[in-house]
Structure formats: structure tokens, C-alpha cells
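>
Residue numbers (the numbering used here): 74 to 177.
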């Protein structure tokens, strides 16, 4: 679809890349001051919550609005316990991920 000529979407180098600290520097110091809104893409993996929360706080302190997008939702599977009994449905797990995103 066509965007208004005044709207530009920039894909940043990203944050927290292994051995690529320059990506974070470019994103936070060069690109962040120039944006109006931040699409913050993260995975559904909980191990990245603390890092993401800190980065979103920085973005927020600089007066930028954030739209949080959780990636890899399709990788969520129901939790199967002993004897093949479903301990947690895929829907319940997805609800937890949604709540986690809201808490970030």
C-alpha cells in the first residue's frame, strides 16, 4: 500500500545483537532522536524481557511512543505433561504472552 510521502519507515540495525554493539549505538544515538514512533519488535521468549524493558524505558524517556510487536507467536505450543496430559493450552499460553507484553 502507498504511504503518505511524509511517512518514512526505517528498519534499524537492532538492539542486543551478539558482538554487534555498534548496531545498538546507531539505533539509540543516531536513529532514535529522529523518529516519531517506535515499532518495538520482540519475540515471545521471556528470557529477553529485562533487556527489552530497559530499552523501552530509554525510548520512552526520550518522549517516543512505542508500539510493541511480539514475533514468533506461531512457535508457541501447548504444554504437555506426564502421560500426554495437556497442562496448559496454546490459547492460555498466548494469553500469558499478551499479558507479559502489556507488563513491558
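Heads up, the beta-carbon is just placed ideally off N, CA and C, and yes, glycines get one too. All values derive from a computational prediction rather than experimental measurement.
State the Cα-Cα distance for the pair residue 80 and residue 112, rounded to the nearest angstrom.
Indexing the chain shown from 1 puts residue 80 at position 7. Indexing the chain shown from 1 puts residue 112 at position 39. So the two alpha carbons sit approximately 14 Å from each other.
> CB-CB under 8 Å to residue 88, same chain, minus the five flanking residues each way: which ones, in chain order?
By one-based count along the chain shown, residue 88 stands at place 15. 96, 97, 100, 101, 124 and 128.
> In this structure, how does DSSP classify residue 125 when only helix, strand and coil are distinguished?
Walking along the chain shown from the start, residue 125 turns up at place 52. The answer is helix: DSSP assigns residue 125 an H, G or I state.
> Using only alpha-carbon positions, find the residue among 136, 103, 86 and 122 that is nearest to residue 110.
For the purposes of this step, residue 110 is identified with residue 37 of the chain shown, where counting begins at 1. Ranking the options by Cα distance to residue 110, first place goes to 136.
> Could you tell me the alpha carbon to alpha carbon distance between residue 117 and residue 86, rounded to whole angstroms?
As a working mapping, residue 117 is identified with position 44 in the chain shown. As a working mapping, residue 86 is identified with position 13 in the chain shown. Near 20 Å, if we compare the C-alpha coordinates of residue 86 and residue 117.
> The beta strand (DSSP E) spanning residue 140 covers which residue range?
Within the chain shown, residue 140 is the residue found at index 67, counting from 1. Segment 138–144, the beta strand (DSSP E) holding residue 140.
> Please go through the same chain and pick out, in chain order, the residues whose beta-carbon is closer than 6 Å to the beta-carbon of residue 162, but skip the five residues on each side of it.
By 1-based counting over the chain shown, the position of residue 162 is 89. If we look at residue 162 and ignore the five residues flanking it on each side, its Cβ neighbours are 151.
> Residue 132 by DSSP, collapsed to three states: which one?
Taking the first residue of the chain shown as position 1, residue 132 is located at position 59. Residue 132 falls in the helix class under three-state DSSP.
> Within the same chain, show all residues whose beta-carbon is closer than 7 Å to that of residue 114, passing over the 5 residues directly before and after it, in chain order.
Here the question's residue 114 lines up with position 41 in the chain shown. The answer, listed in chain order, is 142 and 144.
> Counting along the chain, where does the beta strand (DSSP E) carrying residue 161 start and finish?
Indexing the chain shown from 1 puts residue 161 at position 88. Per DSSP, residue 161 belongs to the beta strand (DSSP E) from 159–161.
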